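*Asks:* Here it is, the structure, as C-alpha cells.
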Amino acid sequence: MKLDLTHVTTGNTSIDINFAVKGAFNPSIFPNVGRLTFRHQEKDCLIMDSFASVSNMLEGTVQLPGTNTPIFAELPYIRMVDQAGVYRATSLTLPHRIASGYLLKNKSAMLNGKKFGEQIKAEIIAHGLHQTLLKYCPMSLLHGVWFSQLEGGNYKISKSITGSLLAIDVTEAIVGGVAMDGVWKSAETLDLGDFADSPKKASEAGVGMIPHSTTRYVCDRVVGSFQIGDLQIESYPIPTEGKRLLKALAVYEILSFIETVPMHRTDCNLQVIDVEINKPLNVGGQNISKSTEAKAAVEKALEDCQKLGILGTVQEVSVTLKEKVEKEKPAKDKPTAASAKSEENE
8 MKLDLTHVTT GNTSIDINFA VKGAFNPSIF PNVGRLTFRH QEKDCLIMDS FASVSNMLEG
68 TVQLPGTNTP IFAELPYIRM VDQAGVYRAT SLTLPHRIAS GYLLKNKSAM LNGKKFGEQI
128 KAEIIAHGLH QTLLKYCPMS LLHGVWFSQL EGGNYKISKS ITGSLLAIDV TEAIVGGVAM
188 DGVWKSAETL DLGDFADSPK KASEAGVGMI PHSTTRYVCD RVVGSFQIGD LQIESYPIPT
248 EGKRLLKALA VYEILSFIET VPMHRTDCNL QVIDVEINKP LNVGGQNISK STEAKAAVEK
308 ALEDCQKLGI LGTVQEVSVT LKEKVEKEKP AKDKPTAASA KSEENE
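The number in our numbering is simply the position in the sequence shown, starting from 1, with 7 added.
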C-alpha cells in the first residue's frame with residue numbers, strides 16, 4: 008500500500024481509498040428505503056455505507072475490542088449506569104452521544120447528586136459549547152452533536168470527520184440454497200399437529216427441506232472517501248492543545264480503519280488496494296503514516312490537555328430505567344334494566 012502525497016495542498020484533509028471486495032457482498036439496508044442505488048457516469052452505483060454508518064465504524068476504532076472502555080485511558084467521556092449501578096452505555100456509544108435523551112431529557116440523570124442536564128446547560132452558558140464538550144467528551148466535539156433539548160441558542164456542532172463507502176459498477180447476484188432436514192425423510196409425511204401455531208406447511212414450522220434465496224451484489228471496486236475538517240477544528244475557540252487532540256483522534260481513527268478494515272457485516276469483506284491523500288497527515292508538526300504513530304500523538308495531546316486543565320475525567324451518570332406498566336382501563340358500567348327501558352322510551 009502506497010500513500011500518494013504528490014499533490015500536497017492546504018485546507019481540509021481528504022483521503023480516498025480503493026477497496027477490492029472478496030466475492031459477493033451485502034450492503035447496508037436503510038429503513039423505509041432499502042438499498043440505495045443510482046447511476047453515475049453511466050455506471051450503476053450503490054451506497055455500501057452512509058456517512059452515519061462509517062462514522063460509527065470510525066468511532067469504534069477508539070474502543071478496546073470486546074469492552075466498553077476506550078483505548079485511551081485519559082480520554083474523558085460519560086459512563087451511564089442504571090439505578091442498580093449496572094453499566095448501560097457511554098457517550099461514545101449512545102445515539103447523539105453526550106446529547107442523548109437518556110442523559111439530558113431523563114429527569115433522573117444525576118451526576119454527583121445534581122441533575123446532569125442542568126449542569127451541562129450551566130457550563131455551556133458559562134464557558135461555551137466547545138469548551139464544555141472538550142471537558143466532558145472530546146469525541147462528541149469531533150463527531151458532532153446537537154443539544155436540541157436546550158433553548159436560547161444554536162447548540163449544534165457539525166462533524167469534523169466524515170466518510171462513506173460507495174460501490175462502483177454493481178451487479179445483482181442472486182444467492183440461494185436449501186436448508187437440509189436430516190431428521191425426517193419427507194416433510195410431506197410429517198404430522199404437524201404437535202407444532203405450535205398450527206402450521207399448514209412444513210416450512211411454516213421450520214422443518215423439512217426449505218429453499219431460500221437472497222440478493223447480494225458484486226462490483227468493480229469500492230471507493231472510500233474520508234475528510235478531516237482541519238479548517239473547522241482550527242476555528243474552534245479552544246486552546247491549541249485541544250485542537251491538536253481532535254486532529255490526532257481523527258487521524259488515528261482513519262489510519263486504524265485503513266489498517267484493519269473491519270468486516271462490519273457478514274458477506275462484506277474489503278481489502279485495501281491503494282490510498283491517496285491530498286496532503287500529509289500532520290499533527291503538531293509531525294507527519295503521521297501509521298496508527299501507532301497516531302496513537303502516540305493522541306496520548307501526548309491528552310497529557311498536554313490534562314496539564315493545561317481543559318480536560319475532565321470519566322464521569323458516571325446514574326439514570327432510572329424501568330419498564331412501563333400498562334394501566335388497567337376502567338370497566339364500562341353495564342346498563343341496568345331501568346336505564347335500558349328509559350333509553351327505549353326516548
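C-beta: ideal position from N, C-alpha, C; glycine also. This one's a predicted model, so the numbers in the text were calculated from it and none came from an experiment.
Does the distance from the C-beta atom of Val-324 to that of Ile-24 stay below 7 Å?
*Replies:* Going by C-beta atoms, Val-324 is not nearer than 7 Å to Ile-24.
*Asks:* Would you decide whether Val-6 is buried or exposed? Buried here means 16 or more other CB atoms lie within 10 Å of its CB.
*Replies:* Residue 6 cannot be examined here, being either before or after the span of the chain that is shown, 8 to 353.
*Asks:* Would you report the Cα separation of Ser-232 and Val-93, rounded to the nearest angstrom?
*Replies:* The alpha-carbon atoms of Ser-232 and Val-93 are separated by roughly 38 Å.
*Asks:* How would you label Ser-165, buried or exposed, when you count the other beta carbons within 10 angstroms and need 16 or more for buried?
*Replies:* Exposed, since its Cβ has fewer than 16 Cβ neighbours within 10 Å.
*Asks:* Please say whether Thr-100 and Asp-364 have beta carbons closer to each other than 7 Å?
*Replies:* What is shown of the chain runs 8 to 353, which leaves residue 364 out entirely.
*Asks:* Can you look up Asn-119 in the DSSP assignment and give me helix, strand or coil?
*Replies:* Three-state DSSP puts Asn-119 in coil, outside helix and strand.
*Asks:* Could you say if the segment 172-188 and the segment 201-220 meet the contact criterion of at least three C-beta pairs nearer than 8 Å?
*Replies:* At 8 Å Cβ cutoff, the stretches touch.
*Asks:* Taking only runs of the alpha helix (DSSP H) that begin and end inside the segment 139-226, which ones reach a length of at least 4 residues, in chain order?
*Replies:* Correct list: 145-150, 209-212.
*Asks:* Reducing DSSP to helix, strand and coil, say where Tyr-94 ends up.
*Replies:* The answer is strand: DSSP assigns Tyr-94 an E or B state.
*Asks:* What separation, rounded to the nearest whole angstrom, lies between the Cα atoms of Ile-240 and Ala-212?
*Replies:* Taking the straight line from one Cα to the other gives about 57 Å.
*Asks:* When the Cα atoms are used, what is the spatial distance from Leu-309 to Gly-249?
*Replies:* Computed Cα separation, rounded: 8 Å.
*Asks:* Give a yes or no on whether the C-beta atoms belonging to Leu-157 and Lys-114 are separated by under 7 Å.
*Replies:* No; because the gap between Cβ atoms is not below 7 Å, this pair is not in contact.
*Asks:* What are the boundary residues of the beta strand (DSSP E) that Val-324 is part of?
*Replies:* That run of the beta strand (DSSP E) goes 322-325.
*Asks:* Give the secondary structure of Asn-63 by DSSP, where H, G and I count as helix, E and B as strand, and everything else as coil.
*Replies:* It is helical.
*Asks:* Measuring only from the beta carbon, is Gly-213 closer than 6 Å to any heavy atom that is part of the ligand HEM?
*Replies:* The ligand HEM is absent from the structure shown, which contains no ligands of any kind.
*Asks:* Tell me, to the nearest whole angstrom, how far the beta carbon of Ile-22 is from that of Ile-317; I am working on the premise that it is less than 8 Å.
*Replies:* Going by Cβ atoms, the distance from Ile-22 to Ile-317 rounds to 28 Å, so no, they are not a contact pair.
*Asks:* When the Cα atoms are used, what is the spatial distance from Phe-79 to Ala-301?
*Replies:* When rounded, the distance between both Cα atoms is 12 Å.
*Asks:* Here's the rule: buried if 16 or more other CB atoms are within 10 angstroms of the residue's CB, otherwise exposed. What is Leu-82?
*Replies:* It is buried - the Cβ of Leu-82 has at least 16 other Cβ atoms within 10 Å.
*Asks:* Would you say Ile-175 and Asp-227 are within 7 Å of each other, going by their C-beta atoms?
*Replies:* Cβ atoms of Ile-175 and Asp-227: closer than 7 Å.
*Asks:* Judging by CA-CA distance, which residue of Val-69, Arg-86, Gly-170, Glu-195 is the nearest neighbour of Val-321?
*Replies:* When each option's Cα is compared against that of Val-321, the closest is Arg-86.
*Asks:* Taking the continuous beta strand (DSSP E) assigned at Gln-278, which residues delimit it?
*Replies:* Counting along the chain, the beta strand (DSSP E) containing Gln-278 begins and ends at 277-284.
*Asks:* So the alpha helix (DSSP H) Thr-44 belongs to, where does it begin and stop?
*Replies:* Per DSSP, Thr-44 belongs to no alpha helix (DSSP H); it is in the beta strand (DSSP E), 44-47.
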